[in-house]
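Chains as they are written, first to last, in our numbering: chain A, 1390 to 1801; chain B, 1390 to 1801. For each residue, glycine too, the CB sits at the ideal point set by N, CA and C. As the structure is a computational prediction, the values presented were derived from the model and not from experiment. Just below is one structure, and these are the notes that go with it.
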């Protein structure tokens, strides 16, 4: 994979020109993407700034995020060739840091559940996950040092786990979603994908303009970690459980105190109600597409929106109340723990390309709005990842804990 | 003014065809808008549904709200001729109810403070208010029975008061802002303008699909009303104070118990910090426009965004915490009161067209996310309005109280 930190070091030391760094990315894409299918459009002659803390860093932009210089096609024929007027807020921010929004990455249609035409770089017969399919696969295949995704259910953490890359779904609204196609305004959240935890910590600190997120030495000495199996979401595969145990032991080796955490019932209820909030809002957010292009919606999203027509405001209000209640209780949980360690996904990327896998270990946390990090756990076969979660707004803490586990796992 | 309720009654009784109702609106616009300047584009051959609870109702759409059939120009040359692909969620919803999104109404640039080219229908030398300038003026001039606006500071309630029309800024996110140009995602809120409180109650109940909003008989018998002068925001003009007194006496005549309400200091602090939240988000939301078209931004918005560049994440976080704190305290206030009665604006529409007036009596309530209704107080000269505010999510209650005062005022 391409390390953002390493690229920036070489650029800072004058050993690599930003233009050259971008050219290397272009070459990697030309070589590998014909097989992976992660890129849907690219800027053939990008403007490459010489200055800026992200100068020389080519970024992949999930194709539900508006770009003024490249089409934004939402993974749907309804938006084929669609060219927005303006860049999304986060794309403007990347440019102001010197980064190059070089390519748009494949997304499932409207960031829903229907697979995109991307394969898992580790085994082309397996899904890369979704909905940020191209984003995760491009980083995993060493085609990009940084890429943007979004999560409404599990669309950042799941593909990151399946593809074996580091990723963070940021705290709700830490990163601006202006110019990002809406599926559910109470849930949609931006995330960053990179080769390692330090890479995404560096990137998030810069993009959010919050340097404290990247204070590498700030990892809590004896952090209190709650090991959470999310029993309400069912069981995970044995090798996912094994990876979680290894991560827990690595955390202890790094000085953390790891304790089992069983969440109160309020969280099971909130978890169960996530789809009501999501689909009640999706029905409104995608009302134009549904009313005018129902026949062009794919085979999972179409019926999902059909069913959503029956949801009532009362159901939605009740679900929002439960979520609010759980969010309050989560503050108490984070009084006892600095971070939660749990599954990123039920297992390795499933075989086949007709499903993007299951978001059941991600939904609750998206609804809670808290920062979630996927940390790949090294091993044989298709990648496995674990999820590190911190209190709302403590993205730096989630990353610091993830980094300490990453370091301990690398030591073996 | 054109009464939505009356039009719908005539249509229901077969005395008016939907097509004819829309044609009458078109004729009124052709006659009056050359002087008022409220309309920026219109559908010359609208599709007029025969069925639906809003069939025959022509609606004006503030020109920061996306429409698939009409340009969306944001009141700015940067978006001259810009044609979105999709309708905003609320426009789709209007269509599904049978309404006709007939025209786009003039907005200040990006819903900021720079005046649009609209005059006050009651005196063409006075501002109609902003930023929903065309929306308020078109309804006031009898050109539309219903129109959409948005409020980030005071952009619904202020122009409604200056133009003498009924309006509601709905509870935060009750109406979907998908497809509405963002200024501040924590504040931007949709609102409806009409000829009377029953008109906007009917419209809101239908659009939000919440029939309980329009239960006319549900006005609290002896509602407890807090009369609030918002001293932290300065004084109002004597005739605004007189209008507020008249409204309070009318409320009492309608059976309400009106008590003076002085808000705790937390609200003054939240009120003061509103611009920090607004401008910190606006800097991100308008980053593309600022980076690429700074010279095309108007004389108030350009420098506002210049200044916003200096705001820090720490200032923003602190402001958000204060707002959160005030929102909690407001729940206690609404334990004692069913509604708050206060100023809609500091006075009548100011003379001149270089300012849209002052939002100081509106900002706090936008930040609190609570429903706010403008009720015109009948009298001589330029219009005056009062503001009725209820607990978050109790839009129907704010409207019911406003209706009872409206009725009592009409009795004299």
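Taking the alpha-carbon of residue 1651(A) as reference, which of 1760(A), 1726(A), 1455(A), 1668(A) has the nearest alpha-carbon?
As a working mapping, residue 1651(A) is identified with position 262 in the first chain. It is 1726(A).
Expressed to the nearest angstrom, what Euclidean distance is found between the alpha-carbon atoms of residue 1694(B) and residue 1690(A)?
For this step, residue 1694(B) is matched to residue 305 along the second chain. For this step, residue 1690(A) is matched to residue 301 along the first chain. Rounded to whole angstroms, residue 1694(B) to residue 1690(A) spans 40 Å at the Cα level.
Since I believe residue 1585(A) is in contact with residue 1555(A) (beta carbons under 8 Å), could you give me their beta-carbon distance rounded to a whole number of angstroms?
If you number the first chain from 1, residue 1555(A) lands on position 166. If you number the first chain from 1, residue 1585(A) lands on position 196. That pair is a contact at about 5 Å.
For residue 1698(B), which of helix, strand or coil comes out of DSSP?
Here residue 1698(B) refers to the residue found at position 309 of the second chain. Correct three-state label for residue 1698(B): coil.
Does residue 1698(B) pass the burial test, meaning 16 or more other C-beta atoms within 10 Å, or should it be called exposed?
Numbered from 1 along the second chain, position 309 holds the residue referred to as residue 1698(B). Burial call: exposed.
Can you tell me which of the three DSSP states residue 1751(A) falls into?
Position 362 of the first chain, counted from the first residue, corresponds to residue 1751(A). Looking at residue 1751(A) - three-state DSSP - the assignment turns out to be coil, as it is neither helix nor strand.
What does residue 1731(B) reach in chain A if we use C-beta pairs closer than 9 Å?
Taking the second chain and counting its residues from 1, one reaches residue 1731(B) at position 342. In chain order: nothing, as chain A lies at least about 27 Å away.
Residue 1544(B) touches chain A at which residues, Cβ-Cβ below 9 Å?
Reading the second chain from its first residue, position 155 is the one you call residue 1544(B). Result: empty, since nearest Cβ-Cβ is about 18 Å, beyond 9 Å.
Should residue 1476(B) be flagged as near chain A, meaning a C-beta pair shorter than 8 Å?
Within the second chain, residue 1476(B) is the residue found at index 87, counting from 1. Yes - at least one Cβ of chain A is within 8 Å of the one on residue 1476(B).
Can you list the residues of chain A that residue 1598(B) reaches, using a CB-CB cut of under 9 Å?
Here residue 1598(B) refers to the residue found at position 209 of the second chain. By Cβ distance, chain A contributes 1701, 1702.
Does chain A have any CB closer than 8 Å to the CB of residue 1431(B)?
The sequence position of residue 1431(B) within the second chain is 42, counting from 1. So no, residue 1431(B) is outside the interface.
Which class does residue 1796(B) belong to by DSSP, given the choice of helix, strand or coil?
Residue numbering aside, residue 1796(B) sits at position 407 when the second chain is read from its first letter. Note: residue 1796(B) maps to helix in three-state DSSP.
Quick one: grab the DSSP three-state call for residue 1774(A).
For this step, residue 1774(A) is matched to residue 385 along the first chain. In this structure, residue 1774(A) counts as strand in the three-state DSSP scheme.
Identify every run of the beta strand (DSSP E) within the segment 1709 to 1745 of chain A, keeping only runs that are complete inside it and at least 3 residues long; order them along the chain.
The qualifying runs are 1728 to 1732.
Applying a beta-carbon distance threshold of less than 8 Å, which residues of chain B neighbour residue 1482(A)?
Your numbering for residue 1482(A) matches position 93 in the first chain. Under the 8 Å cutoff, chain B gives 1673, 1676.
Between the segment 1450 to 1471 of chain A and chain B, which residues of the former have CB atoms less than 7 Å from a CB of the latter, in chain order?
The segment 1450 to 1471 of chain A vs chain B, Cβ under 7 Å: 1457, 1468, 1471.
Can you name the residues of chain B whose CB is closer than 9 Å to the CB of residue 1565(A)?
Taking the first residue of the first chain as position 1, residue 1565(A) is located at position 176. The answer, in chain order, is 1571, 1574, 1670, 1673, 1674, 1676.
Using a Cβ-Cβ cut-off of 6 Å (strictly less than) and excluding sequence neighbours within five positions of residue 1714(B), which residues of its own chain qualify?
Counted from its first residue, the second chain places residue 1714(B) at position 325. Cβ within range, chain order: 1655.
Within the continuous alpha helix (DSSP H) that includes residue 1417(B), where are the two ends?
Walking along the second chain from the start, residue 1417(B) turns up at place 28. Residue 1417(B) -> alpha helix (DSSP H) spans 1407 to 1425.
Take residue 1717(B) and list the residues in its own chain whose beta-carbon comes closer than 7 Å to its own, dropping the five residues that flank it on each side.
Locating residue 1717(B) in the second chain gives position 328, where the first residue counts as 1. Hits under 7 Å: none found.
Contact between the segment 1618 to 1636 of chain A and the segment 1760 to 1774 of chain A is defined here as three or more beta-carbon pairs at a separation below 8 Å; is this criterion met?
Because the criterion of three Cβ pairs below 8 Å is met, the segment 1618 to 1636 of chain A and the segment 1760 to 1774 of chain A touch.
Determine, for residue 1779(A), whether the minimum Cβ-Cβ distance to residues of chain B falls below 8 Å.
Position 390 of the first chain holds residue 1779(A). So no, residue 1779(A) is outside the interface.
Can a CB atom of chain B be found closer than 8 Å to the CB of residue 1485(A)?
Position 96 of the first chain, counted from the start, is the residue given in the question as residue 1485(A). Cβ-Cβ to chain B under 8 Å: yes for residue 1485(A).
Does residue 1670(B) pass the burial test, meaning 16 or more other C-beta atoms within 10 Å, or should it be called exposed?
Here residue 1670(B) corresponds to residue number 281 of the second chain, with the count starting at 1. With 16 or more other Cβ atoms within 10 Å, it is buried.
Can you list the alpha helix (DSSP H) stretches of 4 or more residues lying completely in the segment 1599 to 1642 of chain A, in chain order?
Taking only runs of at least 4 residues, the alpha helix (DSSP H) segments lying wholly in the segment 1599 to 1642 of chain A are 1627 to 1642.
Give the residues from the segment 1682 to 1701 of chain A that approach chain B closer than 7 Å (Cβ to any Cβ), ordered along the chain.
Residues: none.
Going by C-alpha distance, which of 1497(A), 1662(A), 1413(A), 1594(A) is nearest residue 1621(A)?
Reading the first chain from its first residue, position 232 is the one you call residue 1621(A). That would be 1662(A), whose Cα lies nearest to the Cα of residue 1621(A).
Apply the 10 Å Cβ neighbour rule to residue 1799(A) and answer buried if 16 or more other Cβ atoms are within range, or exposed otherwise.
Numbered from 1 along the first chain, position 410 holds the residue referred to as residue 1799(A). Residue 1799(A) is exposed by the Cβ-count criterion.
Going by the beta-carbon positions, is the gap between residue 1449(A) and residue 1536(A) smaller than 8 Å?
Indexing the first chain from 1 puts residue 1449(A) at position 60. Indexing the first chain from 1 puts residue 1536(A) at position 147. Yes, they are a contact pair.
Going along the chain, which residues of its own chain have a beta-carbon closer than 7 Å to the beta-carbon of residue 1626(B), five neighbours each way excluded?
The residue given as residue 1626(B) occupies position 237 in the second chain. Taken in chain order, the residues that qualify are 1735, 1736.
Tell me whether the beta-carbon of residue 1425(A) lies closer than 8 Å to the beta-carbon of residue 1505(A).
Position 36 of the first chain, counted from the first residue, corresponds to residue 1425(A). Position 116 of the first chain, counted from the first residue, corresponds to residue 1505(A). No, these two residues do not count as a Cβ contact at 8 Å.
With a floor of 4 residues, list each alpha helix (DSSP H) that falls wholly inside the segment 1525 to 1595 of chain B, ordered by position along the chain.
Taking only runs of at least 4 residues, the alpha helix (DSSP H) segments lying wholly in the segment 1525 to 1595 of chain B are 1546 to 1552.
What did DSSP end up calling residue 1398(A) once you bin it into helix, strand or coil?
Looking up residue 1398(A) in the first chain gives position 9. Reduced to three states, the DSSP call for residue 1398(A) is helix.
Mapping DSSP to helix, strand and coil, what is residue 1666(B)?
By 1-based counting over the second chain, the position of residue 1666(B) is 277. Residue state, collapsed to three classes: helix.
Decide if the segment 1403 to 1416 of chain B is in contact with the segment 1787 to 1796 of chain A; the criterion is three or more beta carbon pairs, one per stretch, under 8 Å apart.
The answer is no - the segment 1787 to 1796 of chain A does not touch the segment 1403 to 1416 of chain B, with fewer than three Cβ pairs under 8 Å.
Are residue 1538(B) and residue 1545(B) close, meaning C-beta to C-beta below 8 Å?
As a working mapping, residue 1538(B) is identified with position 149 in the second chain. As a working mapping, residue 1545(B) is identified with position 156 in the second chain. Yes; because the gap between Cβ atoms is below 8 Å, this pair is in contact.
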